[in-house]
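Presented below is the structure to which this report refers.
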Amino acid sequence: MPHRQIVRNIASGQLSPVYVLHGEEPFFISEIVKTLLGTVVDEGLKDFNETVLYGRDTDVDEVLAAARRFPMMSDRQLVMVKEAQDMRMWKRKDDMAKLEAYASDPVPTTVLVFAHPHKKVDSRLKAVKTMSRVGTLFLSDKVRDYKLPQWISGHASSQGLEMGNQVAQLLAESLGNNLQKVANELAKLQILLPKGTQVTVDHVEQHIGISKDYNVFELQRALGQKDVERANRIVNYFEA
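Numbering (our numbering), first residue to last: 4 to 243.
So, in structure tokens, the structure goes:
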């Protein structure tokens with residue numbers, strides 16, 4: 004299931020009892036985590052019903068003890084394990100057996116989340132298979148370079164902006180595949196431009212600071228056209 008669909012489901016109250024969010028691309032995991040933290044527990048009840056743990060500082064017993072508690076003055080509680088890739092339990096059979104036992108019969112008033120960025124979990128593990136069956140197992144893959152302009156256009160659209168391929172290509176070439184950096188720049192445009200605006204190269208130059216004449220995209224074009232003088236001007240601009 005795409006991360007945007009998971010975000011929509013969470014926002015509409017369609018919650019899984021267990022989430023395992025893993026993979027090389029941290030941006031999508033972060034987006035789902037932010038939506039869970041902003042949705043599952045009402046702001047005034049977070050002190051009682053929201054537990055955030057960190058993988059290197061916790062273990063399976065603490066996580067499951069928190070998950071088995073019942074919410075106070077609320078229909079549900081959230082137990083969030085950030086940086087779950089640092090937990091030692093993934094390599095311990097006894098720990099995974101405990102996790103599998105919980106996943107087989109999760110507490111219905113608990114939303115348990117393992118945010119496991121930068122690497123994959125071992126999907127062959129019985130506990131992982133069980134969590135996938137009863138909950139949501141999301142694999143966050145890197146966006147390939149050739150798909151980056153398409154992703155940028157899609158993300159701009161989700162923010163209420165229209166963006167053609169030329170502008171998306173310019174952003175991709177200039178910002179690279181750091182999706183968080185790209186999203187931050189698009190957030191600037193969302194704030195500064197009216198909803199439905201067709202983003203132009205001039206908007207990018209004015210609000211993001213990427214020159215429409217001096218950028219990686221134009222350098223590649225100059226080199227392809229064997230326009231040495233123009234290529235040198237662009238390189239000198241970068242070095243200035």
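The beta carbon of each residue, even a glycine, is placed where N, CA and C say it ideally should be.
In this chain, the beta strand (DSSP E) harbouring residue 85 covers 80-85.
Per DSSP, reduced to three states, the secondary structure at residue 5 is coil, with no helix or strand assignment. DSSP, read as helix, strand or coil, puts residue 47 in helix.
The continuous alpha helix (DSSP H) containing residue 157 extends over residues 151-161. Proximity of the segment 41-54 to the segment 75-90 meets the contact definition, three or more beta-carbon pairs being nearer than 8 Å. Closest by C-alpha distance to residue 142, out of 171, 209, 12 and 22, is 22. Distance check between residue 11 and each of 26, 28, 43 and 27 places 43 closest, using alpha-carbon atoms only. For residue 28, there is no enclosing alpha helix (DSSP H), as DSSP marks it with neither H nor E. In terms of Cα proximity to residue 129, the closest of 72, 59, 104 and 190 is 104. As DSSP reads the structure, residue 124 sits in no beta bridge.
Following the DSSP letters along the chain, one finds residue 54 inside the beta strand (DSSP E) bounded by residues 53-57.
Look at residue 116 here: in three-state DSSP terms it is strand.
Residue 201 sits in a strand when the DSSP states are folded into three classes. A contact is defined here as three or more CB-CB pairs under 8 Å, and the segment 178-188 meets this definition with respect to the segment 25-35.
Beta bridge pairing from DSSP links residue 166 with 202. Counting along the chain, residue 139 sits inside no alpha helix (DSSP H); it lies in the beta strand (DSSP E) bounded by residues 139-142. By the CB criterion at 8 Å, residue 182 and residue 210 fall outside the cutoff. Under the criterion of beta carbons closer than 8 Å, residue 115 and residue 68 do not qualify as touching, at roughly 12 Å. The Cβ atoms of residue 17 and residue 58 lie no closer than 8 Å to each other. If you draw a straight line from the Cα of residue 155 to the Cα of residue 46, it comes to about 32 Å.
Note on geometry: alpha-carbon atoms of residue 63 and residue 124 lie some 15 Å from one another.
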